[in-house]
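Participant:
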Amino acid sequence: MKWFMRLASSLLILAASHSSYVYGYQNDLHQQLTFLAAKQISRCDAMLPADQRVGLSALDARYIVRANLSQAKSNFFVKMFRWNYLNHQQDKTDAVLGIIDTRFNNHFSRLLEDHAEADNRQDRLKAFGSLISYIQEVSSPAHVVPVFTSRWWRLSFVDRFDRFPVDVDRIERALTTVCSELMAQGIEQDGQSFKAGINRLLHDTATQTLREVRAPIDGMPASWTAFWEPATDAQGFGNYGVAGNNFGERTRFSCQSELPGEDEPRRCLLLENDPLYQDFAHRQHLSAVRATMKAILMMPRGGA
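FYI, our numbering numbers position 241 of the sequence shown as 241, with every residue one higher than the one before it.
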């Protein structure tokens, strides 16, 4: 129950302070990622015959973005009872004390049902935009490892990766060759295929994030687990590693020794806005945009 008491204390402090960290940059990040994906889908469409195009209009994109942001900006009481973490080994999870979903798996499944049962375009796009919000979330390490980010005892209410800026120009350059690759996958038109495809996309994106977290930091005897240390079991939570919640900041931390006979651990140093931070963030933001594009391509024709 230790984590539950921490949660209760954190929620009280958040309610009192209305911290901008809770409802700030992350919403803008979702908007950027979604617009980047929709923009590139439009460019890809222009390369196809008219009868093969996705046909995502500007109005459709706005409906999706609005739902995406609405999901990201869920109100205080929603955040209290539905946490924004994934159990990447299961599609559904049990609520703690019957009321608190520590993982978003159940809500993701309900959104898939809402999408399938919607009888008009706006409702389908609304459910779809919320689904995309979760798919984008799993490109963020803290939501997959997962690490409980609200730590009032350190006056920290957000993972610093979640507010690291998107390099829009770099993302757009990286997307210039993606059209043929994604379009070759085709467009799923069957509702059941859409459900299976979206679930697979969610978990594939999360798996890729965990792979990046476990990968070495280029040129250092350490991996990105120095920042996010994965949970040891599917139901548990991980922790911040020896580098702490300092992604993007100047930080020095203990790391493995590469020298034979050296007993003391070496010290690794990352500078503020270090190029190594930028490269890691770029890979994850690009993963989120590509996953968003794949989701749009999976969307049944009636969804747009």
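Where is the CB? At the ideal position from N, CA and C, for every residue including glycine. The structure presented is a predicted model; accordingly, all values stated were derived computationally and were not measured.
Whole angstroms are fine: how far does the CA of residue 228 sit from the CA of residue 211?
Facilitator: Their Cα atoms are separated by approximately 12 Å.
Participant: Compute the beta-carbon to beta-carbon distance between residue 144 and residue 206, rounded to the nearest angstrom, for a pair I have assumed lies under 8 Å.
Facilitator: About 5 Å; that satisfies the 8 Å criterion.
Participant: So for residue 130, helix, strand or coil by DSSP?
Facilitator: Here residue 130 sits in helix by DSSP.
Participant: Would you grab the beta carbon distance between residue 314 and residue 168 for me? Rounded to a whole angstrom, and I think it's under 8 Å.
Facilitator: Because the chain here runs from 1 to 304, residue 314 falls outside it and cannot be looked at.
Participant: Please list the terminal residues of the continuous beta strand (DSSP E) segment that includes residue 252.
Facilitator: Unbroken beta strand (DSSP E) run through residue 252: 251-255.
Participant: Check residue 228 in the structure and name its three-state DSSP category.
Facilitator: Three-state DSSP puts residue 228 in a strand.
Participant: Label residue 159 either buried or exposed according to how many other C-beta atoms from any shown protein chain fall within 10 Å of its C-beta, with 16 as the threshold for buried.
Facilitator: Buried: at least 16 other Cβ atoms inside 10 Å.
Participant: What would DSSP say about residue 27, mapped onto helix, strand or coil?
Facilitator: DSSP places residue 27 in helix when its eight states are reduced to three.
Participant: So what does DSSP say about residue 269, is it helix, strand or coil?
Facilitator: Residue 269: strand per DSSP, three-state reduction.
Participant: Could you please give me the residues that DSSP links to residue 239 through a beta bridge?
Facilitator: For residue 239, which the question treats as bridged, DSSP gives the partners 229.
Participant: So, using beta-carbon positions, are residue 222 and residue 268 closer together than 7 Å?
Facilitator: Contact flag set, yes.
Participant: Exposed or buried, which one is residue 34 when buried takes at least 16 other CB atoms within 10 Å?
Facilitator: Looking at its Cβ environment, which holds 16 or more other Cβ atoms inside 10 Å, residue 34 is buried.
Participant: Give a yes or no on contact between the stretch 104-117 and the stretch 42-57, applying the rule of three or more CB pairs nearer than 8 Å.
Facilitator: The stretch 104-117 vs the stretch 42-57: no contact.
Participant: Give me, in chain order, the residues of the same chain whose beta-carbon lies closer than 6 Å to that of residue 180; leave out the 5 immediate sequence neighbours on both sides.
Facilitator: Closer than 6 Å at the Cβ level, and outside the excluded window around residue 180, lies no residue.
Participant: Take the Cβ of residue 299 as the centre, count every other Cβ of all protein chains shown within 10 Å, and call the residue buried at 16 or more, exposed below.
Facilitator: So residue 299 counts as buried.
Participant: Closest by CA to residue 266, which one among 202, 220, 245 and 193?
Facilitator: For residue 266, the nearest C-alpha among the options comes from 220.
Participant: My output table needs one value for residue 287: the three-state DSSP class, helix, strand or coil.
Facilitator: The answer is helix: DSSP assigns residue 287 an H, G or I state.
Participant: Whose C-alpha, out of 297, 294, 286 and 45, is nearest the C-alpha of residue 166?
Facilitator: Nearest of 297, 294, 286 and 45 to residue 166, Cα basis: 286.
Participant: Looking at the secondary structure, which residues open and close the alpha helix (DSSP H) in which residue 109 lies?
Facilitator: 105-117 is the extent of the alpha helix (DSSP H) around residue 109.
Participant: Could you spell out where the alpha helix (DSSP H) holding residue 215 opens and where it closes?
Facilitator: Unbroken run through residue 215: none, as it is neither H nor E.
Participant: For the alpha helix (DSSP H) containing residue 88, name the first residue and the last one.
Facilitator: Note, residue 88: premise wrong, no alpha helix (DSSP H); not H, not E.
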